[in-house]
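*Asks:*
2 protein chains.
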Amino acid sequence: MAAPETQITRLDRLIHDRVRLGILSALAASSEMSFGDLKAALEVTDGNLSVHARKLEEAGYIICRKSFTGRTPRTEYTMTSAGRRAFEKYLDHMDAIIEATRGKKK
Amino acid sequence: MAAPETQITRLDRLIHDRVRLGILSALAASSEMSFGDLKAALEVTDGNLSVHARKLEEAGYIICRKSFTGRTPRTEYTMTSAGRRAFEKYLDHMDAIIEATRGKKK
Numbered sequence: 011m012a013a014p015e016t017q018i019t020r021l022d023r024l025i026h027d028r029v030r031l032g033i034l035s036a037l038a039a040s041s042e043m044s045f046g047d048l049k050a051a052l053e054v055t056d057g058n059l060s061v062h063a064r065k066l067e068e069a070g071y072i073i074c075r076k077s078f079t080g081r082t083p084r085t086e087y088t089m090t091s092a093g094r095r096a097f098e099k100y101l102d103h104m105d106a107i108i109e110a111t112r113g114k115k116k
Numbered sequence: 011m012a013a014p015e016t017q018i019t020r021l022d023r024l025i026h027d028r029v030r031l032g033i034l035s036a037l038a039a040s041s042e043m044s045f046g047d048l049k050a051a052l053e054v055t056d057g058n059l060s061v062h063a064r065k066l067e068e069a070g071y072i073i074c075r076k077s078f079t080g081r082t083p084r085t086e087y088t089m090t091s092a093g094r095r096a097f098e099k100y101l102d103h104m105d106a107i108i109e110a111t112r113g114k115k116k
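In order, the protein sequence lines correspond to chains A and B.
According to this note's numbering, the residues represented by the first sequence are 11 to 116, in order.
According to this note's numbering, the residues represented by the second sequence are 11 to 116, in order.
#1: Kindly indicate which residue of A/Asn58, A/Glu86, A/Ile73, A/Ser40 has the alpha-carbon position closest to the one of B/Thr19.
#2: In angstroms with no decimal places, state the Cα-to-Cα distance between A/Leu52 and A/Val29.
#3: If we ignore side chains and look at the alpha-carbon of each, how far apart do B/Arg95 and B/Pro14 end up?
#4: Label A/Phe41 either buried or exposed according to how many other C-beta atoms from any shown protein chain fall within 10 Å of its C-beta, with 16 as the threshold for buried.
#5: Could you spell out the range, first to last residue, of the beta strand (DSSP E) harbouring A/Glu86?
#6: What residues in its chain sit with their C-beta under 6 Å from that of A/Asp22, if we drop five residues either side in the sequence?
#7: Looking only at its chain, what residues have a beta carbon closer than 8 Å to the beta carbon of A/Ile72, apart from the 5 residues adjacent to it on each side?
#8: May I ask you to report which of helix, strand or coil DSSP gives B/Arg75?
#9: Beta-carbon of B/Ala38 versus every beta-carbon of chain A: anything under 8 Å?
#10: Sorted by chain position, which residues of the same chain lie with C-beta nearer than 6 Å to A/Lys76's C-beta, five sequence neighbours on each side aside?
#11: Quick one: what's got a C-beta closer than 7 Å to B/Thr111's C-beta in the same chain, skipping five residues either side?
#12: Would you say A/Glu42 reaches chain B, if we count a Cβ-Cβ gap shorter than 8 Å as a contact?
#13: Of all the CB atoms in chain B, is at least one closer than 8 Å to the CB of A/Leu66?
#14: In the DSSP assignment, find the unbroken alpha helix (DSSP H) run with A/Val29 in it and report its ends.
#15: Please list, in chain order, the chain B residues whose beta carbon lies closer than 7 Å to that of A/Asp105.
#16: Please return the same chain residues whose Cβ sits closer than 8 Å to the Cβ of A/Pro83, not counting the five positions on each side in sequence.
#17: Looking at B/Ile108 and A/Asp27, is the spacing between their C-beta atoms short of 8 Å?
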């Protein structure tokens, strides 16, 4: 197995970003989340959330649904199964890195 | 405790960057590493390594020593105790996030 530092450079860059990691983590726990709920949970600006959600959408990791509640526009996000697989893989990867880094110091 | 997605936005930004995480991980395992060895381990360019090592140096997380072996300049990096503490804290933080994310899905 490659050294932890080499493994780190192979982490999924799309997921490793702090905001995108937050979006996936939130959607892994809830079947659906609104733009407003995600924004509050992640403590980010509208612009920041939009940009990063769009990247995950383009990768096919999440789906964005727009609708109206009366006259109020509503945006809901859900995670795709491809997104869940990629996120699981990232977590396994990070877990292995943490273990290897700590193991080496013993 | 805050939800995993909120915790993620509080991860140490200085450490979370892929290359900087790699540098700290490598130096946590070795007492000292040369610029060349780090570059090979992380599979990054000279410029990329320089920029990120400088940021960690400015934060007081690593120390850079320049010397000569004959006429060949040599740059060696070591981790400071502040760097080790910050890195440990980051790993604990990431570990808690992984656990919380997985726990929530059960």
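By construction, the Cβ of each residue, glycine as well, lies at the ideal position given by its N, Cα and C atoms.
*Replies:* Reading off the structure:
#1: A/Asn58
#2: 7 Å
#3: 22 Å
#4: The amino acid occupying residue 41 of chain A in the given sequence is Ser; Phe does not appear at that position. The residue in question, A/Ser41, is exposed, as its Cβ has fewer than 16 Cβ neighbours within 10 Å.
#5: 82-89
#6: Tyr100
#7: Ile33, Leu34, Leu37, Ala63, Leu66, Tyr87, Thr88, Met89, Thr90, Gly93
#8: strand
#9: yes
#10: Thr85
#11: Pro14
#12: no
#13: no
#14: Under the DSSP assignment, A/Val29 falls in the alpha helix (DSSP H) whose first and last residues are 28-39.
#15: Ile108
#16: Lys76, Ser77
#17: no
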